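The next block holds one structure in the form of structure tokens; read it before the comments.
Numbering (full-length UniProt numbering), first residue to last: 1 to 890.
If you want it as structure tokens, here you go:
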């Protein structure tokens, strides 16, 4: 029997489910509750369209379509309330395998929402509050692990969630701060891996910072380390197995034996070298090698837009003042000694202005380059000078820049021009560097002219996310040289105009835009972002290589970088501690269950002082013949991070609708596989069976499907989506989860106005969580919103805003006053804590209940139906369950 397939139009903003109402409703009697309405399937041989009109053709399944009536008995054409009561929406079935099983039954719940436009209720009668909760899972994980030690050992169990504050201890496996895997038990056979529809992947964050007093990654000298495999180039790790009393070792990454040089030979005892505990490369999953060769130290280049528009804007005075403060801080250094950091200065309009900062000159010399197409440096000496020798000179120039003539004829300044000039300077000095560009004039298109056919010049699929060829070539040159570009933009981009973020993000930098530096809030944000840009924990001229067991191969790599010829090797201009990359693995033959799976990530880079370093992270995982082990050791937040990076990278060449369909099909197939092959308990068709660690995966995937990148709303601008994609695709697991499932934090414990005692008492991302008598802080790595209920107590308003009237509050960006009371102090501490996790300085925005600007709140309440047409969590889960049942029967 041919079963209906999933509906490809599900969740699209222009193809809603309202059209399905043309089909009749079948009332199913229940022993102890009112009749529950579920849709009747259309006649066989028909399929449903959004307008509700039946047409001939193969049967397809939409959100309200059920399997055909001739379906075999275990799979029902509807979900009848099998229990003798109405409230069995979430009824766990006792099982020693710790399965999450939900009896999805009809319930007529009508949650009240303080935001009238939000609709958290399900159109199928499911109570959203009784579905698996992300905040409950996070809370349970904190209860289990917070304040404790998790030992990361070879073939260890699933680590705590990224949001749990606990100590991760390296005992032979790199901790989850550096490597998180989608599953910690790989299927032995390739067919089983394909059948499970769970991607075999790892999320690497090589420069992650240790937390909770964890010891830093140990550093050893290159000459003292035991060398790795001479055949494949993998570095030494606990995954290597010793043979012949330590004279040689077996490499799991290539399956070859390597002889140990006599200089580093040590005998073995019970299969381990006797000096194992004294050498980090033998006993730890993470270590770093300090190489003998040393290159040029990193330099700092400042490029300032001095067009007439920039001068007349009045922003240059503040920018130059902050740069003087920055140079003063850098010159003094942490130890009080003067800095050896070399600095260069560039100003530009339609021309380039280079400055000779040689200390031997009585005054700096400015050189003007008018030919920007064929850029050649007139001199090389004096363009980069140690800060301790030129700080006074640079400060004098910065003080003169705001005094330039603002009445001169307007000339456009290209944001790519200072990047080309900075790259030339770095190439001449043969050193890596950080280029800070401060751009105030309108953004311009690339000078390279496209063909007259433009967007339609080829049959190749086009996407707004694709990087222009000119930006790709310039970014490749920056990556090769180790030039990281940080672009600060102080002008509003034109609708449909150029987006300047391609080069910054592809070179390990950022694009940060400001409305204007005239307001104190924007000035404070710029000040914070400027200081954050000087983070010293950055790898330059970085190359990341990934090794995996010889039975596997790297089949894909996803992140913010330029793809190279080999999927297991990635080159980057710069890499910071926030950045994470995803690598996917595929079977080339069956795995050896006794040896398990070995994965190693090797990051070679230059430090800020020019020293070459190699950081090695290795993990050893189990593998099993049973799919049950694969599902049990999977983690929903790691799968979400992988899918997010993969989907956001695939938007370059794949239609968005196809990506949304792929996400839906993958999770549906995974649930069907688990139900069919891993569930030994007898369950009714009305029960959704899910692994313990994956019960939050549906709400995560639904949030990803309806994100602004994959499902744009009517008010989504192209620039916002480009920025959102570029920032999110480089996030680590913790930030990705917070971005796609934001925190909703209550600030008041009761209506009197007492503050919440704990900062991490999060609520579900639903409008039903926002009560009119409360204050709530909504956080994602890019957004910080303070929602004020219309019936909040005057005492709470006084403690937080120093006012008693709700109507006197103004929605918009604010800086809350620092007052001496528990609520104000609690809010300030909470914002400071959340800011420490963000890569950029966040803007706090106040939204009052009932305001017209509450759409920004609706986007964050991901369990509800979203403004861009995305389905609610309950409806999406209903759809997944019906589709998975069909696949089980098939």
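Don't be surprised by glycine CBs; every beta carbon is placed ideally from N, CA and C. Predicted model, so just to flag it, every value in this text is computed and none were measured.
- Task: Could you tell me which of 797, 499, 176, 556 sits nearest to residue 210, measuring between CA atoms?
- Result: Residue 210 has its Cα closest to that of 176, out of 797, 499, 176, 556.
Open item on the list: With H, G and I counted as helix, E and B as strand and the rest as coil, what does DSSP make of residue 373?
Closed with: Residue 373 falls in the coil class under three-state DSSP.
**Unbroken alpha helix (DSSP H) run spanning residue 701, endpoints** = 697 to 705
Counting C-beta neighbours from all protein chains within 10 Å, is the total for residue 149 16 or more, i.e. buried, or is it exposed? exposed
Open item on the list: Going by C-alpha to C-alpha distance, which of 291, 239, 248, 191 sits closest to residue 604?
Closed with: 291
Q) Using DSSP with H/G/I as helix, E/B as strand and the rest coil, what is residue 858? A) helix
- Just mark residue 329 as buried or exposed, buried being the case when its beta carbon has 16 or more other beta carbons within 10 Å. exposed
task = Output the distance between the C-alpha atoms of residue 372 and residue 352, rounded to the nearest integer angstrom.
result = In a straight line, the C-alpha of residue 372 is about 8 Å away from that of residue 352.
### Task
In the DSSP assignment, find the alpha helix (DSSP H) that holds residue 650 and state where it starts and stops.
636 to 650
In DSSP terms, what residue 569 is bridged to:
545
*asked:* So, for residue 299: in the same chain, excluding its five sequence neighbours on each side, which residues have a beta-carbon less than 6 Å away from its beta-carbon?
replied: 342, 384, 431, 433
If you count every other CB in all the chains shown that lies within 10 Å of the CB of residue 668, and 16 or more means buried, which is it?
buried
Margin query: residue 593 and residue 625 - do their beta-carbons sit closer together than 9 Å?
Written below: yes
*Selected residue, minimal CA-CA separation from residue 484, among 523, 518, 418*: 418
ask   = What residue range is occupied by the uninterrupted alpha helix (DSSP H) comprising residue 674?
value = 656 to 677
Review point. Between residue 401 and the ligand ATP, is the CB less than 8 Å from at least one heavy atom?
Key: With respect to small molecules bound, the structure shown includes none, and the ligand ATP cannot be examined in it.
### Task
Name the two residues that bound the continuous alpha helix (DSSP H) containing residue 433.
Residue 433 -> not in any alpha helix (DSSP H); beta strand (DSSP E) instead, spanning 433 to 439.
Classify residue 815 as helix, strand or coil using the three-state DSSP reduction. coil
Legend entry - Span separating the alpha-carbon of residue 492 from that of residue 513: 8 Å
Discussion item. Does residue 619 come out as helix, strand or coil in the three-state DSSP assignment?
Written reply: strand
- Item | For residue 556: DSSP bridge partner residues | BP columns for residue 556 point to 584.
Going by the CB atoms, is the gap between residue 849 and residue 780 shorter than 9 Å? no
**Prompt:** Of the choices 861, 644, 615, 833, whose alpha-carbon is the least far from that of residue 220?
**Reply:** 615
So what's residue 821 in DSSP terms, helix, strand or just coil?
coil
| request: Return yes when the Cβ of residue 568 is within less than 9 Å of the Cβ of residue 907, no when it is not. | output: It is not possible to answer for residue 907, since the shown part of the chain is limited to 1 through 890.
Residues in the same chain with beta-carbon distance under 8 Å from residue 590, minus the five sequence neighbours each way, listed in chain order, please.
188, 189, 190, 551
Can you tell me which of the three DSSP states residue 528 falls into?
helix
Considering residue 245, what are the terminal residues of the alpha helix (DSSP H) in which it resides? Where residue 245 is concerned, there is no enclosing alpha helix (DSSP H), given that its DSSP letter is neither H nor E.
Exercise. When the Cα of residue 933 is compared with those of 420, 228, 584, which residue comes out closest?
Worked result: As displayed, the chain neither begins before 1 nor continues past 890, which places residue 933 out of reach and without an answer.
inquiry  = Using only CA atoms, which one of 347, 482, 225, 692 lies nearest to residue 608?
reply    = 482
Using only CA atoms, which one of 531, 560, 534 lies nearest to residue 475?
Nearest C-alpha to residue 475: 560.
Q. Which residue or residues does DSSP assign as beta-bridge partners of residue 299?
A. The bridge partners DSSP lists for residue 299 are 433.
Among 528, 622, 575, 394, which one has its Cα closest to the Cα of residue 539?
-> 575
Checklist line | Nearest to residue 600 (by Cα), restricted to the options 182, 726, 323, 544 | finding: Residue 544 is the option with its Cα nearest to residue 600.
Between 606, 556, 647, 350, which lies nearest to residue 293 when the distance is taken from Cα to Cα?
Across the set 606, 556, 647, 350, the C-alpha of 606 shows the shortest separation from the C-alpha of residue 293.
Which stretch, first to last residue, makes up the alpha helix (DSSP H) that contains residue 502? 502 to 506
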